[in-house]
Amino acid sequence: MSSAGERQQKRNQKACTTCRQVKLRCDSHERFPAPCTRCLKKNIQCRIDPDFKRTRTRNRLDEVTNQLNAIQKTLADQSQRGPASVPDSSTLGPSLAVETTNFNEVDHTFYQYSNIDDLPDSPLILNLASLEADHVKSLFSHFEKYYYRHCPILDTSMSFSSLHQSSPILFWTIIIISSRWHPTLHVQYNLFLEPYRHLLGQMLVNQIFFLETIQALTLLSFWPLAVPRQVEDPSWNYCGLITNAARKLGLDKARPSSSDSTSVTKHKTWVAIVQANCSHGWTSGVTVSAELLSSVGSTSPNCAATAEMEFFLKAEILRKLARYSSMIINFKADMDSLPFVQGLCTDLENSKDGYEEYCSMETDIVILGAQLCIYALHIDQERRMSSVPTSSRTSLKDKFTARRDCINLAYMTAAKLVHHFSEMVGNNVGSVNEHDQASMTLQRYLPKHYFGLLLLSMVFIYRTKLLQASSTKSLPSNPEAHVSQVYQLLISWSREPLDEPARAARVIRVMLGAETQGQLKIQDSNGEGRPGISFLDEIINTAREIRQREETGVEVLPSESGNVTLPGSETYPTMPDFQSLPLESIHDPSLEWSFPWGLDLLSTEQYNFDINNFYNGFS
């Protein structure tokens with residue numbers, strides 16, 4: 141290729157696809173991971189694809205007009221012959237907009253606040269813990285405002301008292317979830333945690349006969365209880381339990397009808413169950429069955445509420461992720477699969493087409509997270525297959541280039557995800573009401589799946605930085621800045637010394653401290669581990685080993701003033717203060733921070749992921 145051609149190719153790789161399509165100058169390479177000026181102004185997706193080819197637009201209007209005329213003629217011919225038979229929904233496959241049903245023909249209420257007087261005058265008691273009636277109203281209001289839109293599956297037309305009497309487990313599940321991060325009533329969480337666990341245990345040992353019980357466990361799958369170690373998180377167990385119980389009650393067969401509110405509630409509950417299976421299934425390394433993915437059917441609601449429509453859209457994105465993950469795992473070793481993977485990621489991005497008005501930045505995060513999972517799984521599968529002899533004629537140089545491109549695409553996706561999280565925080569700060577403390581850290585109320593996506597992004601960025609330590613300038617953005625952004629987010633979310641955000645932030649400090657001292661050596665993961673997240677295993681195992689080398693088991697912070705300076709950032713406070721805690725409460729739990737949840741990440745087998753190893757194609 142001539143030098144002029146090389147310059148043209150390099151210039152194209154720095155311009156977004158939208159600007160390249162219309163042949164306009166693009167400043168995406170200067171603004172990344174933020175969108176370019178033109179895409180930001182027009183509020184369109186800004187994507188960089190080195191393999192993008194312009195679509196011919198000359199005479200395109202005539203072609204579309206001819207196609208439209210042909211379709212209209214075909215429809216006219218069919219109408220003259222009589223109504224055609226309706227195809228079976230299974231032949232159409234899952235779709236987001238095949239059939240519409242209005243779910244909201246009645247006024248929406250959330251457990252009728254006006255009926256709070258129906259509650260007894262005395263406080264509500266769960267074992268030895270008690271809760272005042274006005275606190276019940278505050279917690280339900282908090283749940284409606286910050287949680288319910290992520291999982292709008294409940295029949296909220298009844299009163300507080302009716303719900304408390306008919307389904308205590310669902311009533312107290314809402315209370316326990318809402319109280320955990322409540323700005324003023326968070327003390328209730330610790331008071332009710334053990335009584336609630338006792339109530340939950342009694343329910344789990346019995347047969348599940350009621351929809352409300354399934355809904356309570358579904359909410360727990362979205363927002364699990366706090367655990368001292370992530371390996372103790374039972375969310376994946378809940379997924380299996382509620383899936384079988386829901387099938388027994390026929391929730392997978394329910395089809396929504398505007399005249400039957402119960403069928404609507406059952407259908408939304410089943411969609412949430414499938415969504416929980418998809419999110420936990422990927423992180424646990426368990427493939428979600430095709431039967432389960434297709435059980436939602438092709439019916440999609442025409443919801444009056446934007447939150448409900450966004451809920452269905454997110455569920456569809458996670459279903460696509462589960463299906464595409466199964467495809468990638470079955471790729472052959474001699475298959476040139478990167479173009480296909482890019483097509484899958486493009487399809488995920490196009491999930492919003494036609495539904496932009498229902499989407500928020502959270503939808504973008506779910507899409508970016510799904511794309512990152514796809515890229516990471518592809519990278520992991522490629523290096524697993526690198527030792528498998530094939531008859532492929534693809535040269536090592538071509539494989540090297542394809543894998544390098546995939547790593548760069550994954551890095552850009554992870555950087556965009558972190559940027560979106562930071563933008564959400566910035567938007568909250570700019571619009572926060574000084575009297576509304578809850579709105580200052582809205583990301584605390586997101587389902588735990590978002591927390592996992594943020595950690596995946598941070599770890600992939602940091603791992604790529606280490607792998608390309610000799611050529612970090614070739615990366616499209618500053619990796620240290622992204623790691624610092626994640627650290628700041630985790631610190632702002634943390635409320636207790638050893639909660640999940642604090643433990644995750646501590647892993648970052650351990651890694652950065654060892655890197656600064658020149659003592660960082662990544663522990664290669666086991667090749668038989670969870671597909672797609674071996675790079676996360678490597679970081680966790682490395683942080684564990686660094687901690688175990690500490691004789692006292694307590695991390696020595698870089699600054700005596702209680703601050704830690706992260707590369708590429710200003711100084712952030714190291715919250716919480718671990719120095720004041722007893723050693724036995726610090727050492728073990730912080731080492732046991734892990735992801736995916738419920739799996740042992742310890743491994744002694746070597747797994748070749750050397751950036752300088754040309755055969756594996758990482759450099």
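Just add 140 to wherever you are in the sequence shown, counting from 1, and you've got the working numbering.
Even glycine gets a Cβ: it sits at the ideal position worked out from N, Cα and C.
DSSP, read as helix, strand or coil, puts A555 in helix. Beta-bridge pairing by DSSP links L264 to L271.
Between the region 494–501 and the region 540–557 there are fewer than three C-beta pairs closer than 8 Å, too few to call the two in contact. Taken through DSSP and simplified to helix, strand or coil, D545 comes out as helix. Only residues of its own chain outside the window of five on either side were considered, and among them M298, E352 have a CB closer than 8 Å to the CB of S306, listed in chain order.
Counting along the chain, the unbroken alpha helix (DSSP H) around W422 starts and ends at 401–423. Scanning F471, C291, T503 for the CA closest to the CA of M564 turns up T503. By the CB criterion at 9 Å, T383 and I413 fall inside the cutoff. Look at S375 here: in three-state DSSP terms it is helix.
T405 and N567 have their C-alpha atoms roughly 33 Å apart. When beta bridges are read from the DSSP output, S397 appears opposite D400.
Per DSSP, the continuous alpha helix (DSSP H) segment holding A455 begins and ends at 446–469. Assignment of Q342 by DSSP, reduced to helix, strand and coil, places it in the helix class.
The region 361–380 makes no contact with the region 394–401; the number of CB pairs closer than 8 Å stays below 3. Using a Cβ distance threshold of 9 Å, L294 and Y288 count as a contacting pair. G658 carries a coil assignment under DSSP once its states are collapsed to helix, strand and coil. For S466, same chain residues with a beta-carbon under 6 Å away, outside a window of 5 residues either side, are T427 in chain order.
S429 carries a coil assignment under DSSP once its states are collapsed to helix, strand and coil. For L357, the closest alpha carbon among the candidates I662, S597, E450, L340 is that of L340. Rounded to the nearest angstrom, the gap between the Cα atoms of S424 and A510 is 15 Å. Here the alpha carbon of V626 sits roughly 42 Å from the alpha carbon of G390. Counting along the chain, no alpha helix (DSSP H) covers H322, and no H or E run does either.
Taking each of S562, Q657, S419, M552 in turn and checking the Cα distance to R463, the smallest one comes out for S419. F311 is the residue among R649, V411, F311 whose C-alpha sits nearest the C-alpha of F250. The three-state secondary structure of C485, taken from DSSP, is helix. Rounded to whole angstroms, I547 and S477 show a C-alpha spacing of 14 Å.
Excluding the 5 residues flanking it on each side, L512 has same chain C-beta neighbours closer than 8 Å at A550, T553, A554, L557, L593, L596, S597, F600, in chain order.
With fewer than 16 other Cβ atoms inside 10 Å of its own Cβ, S262 counts as exposed. Counting only residues of its own chain and dropping the five nearest sequence neighbours on each side, L630 has a CB closer than 7 Å to the CB of P641, A644, A645. For C156, the three-state secondary structure derived from DSSP is coil.
The Cβ atoms of V481 and Y590 do not sit closer than 9 Å to each other.
Setting aside the 5 residues that flank it on each side, I348 is surrounded in the same chain by I354, A385, each with a C-beta closer than 7 Å to its C-beta; the list follows chain order. Inter-residue distance for R387 and F561 is about 36 Å (C-alpha atoms, whole angstroms).
Straight-line spacing of the CA atoms in A273 and L586 works out to 26 Å.
For I348, the three-state secondary structure derived from DSSP is coil.
By the beta-carbon neighbour count (other beta carbons within 10 angstroms, threshold 16), E334 is exposed.
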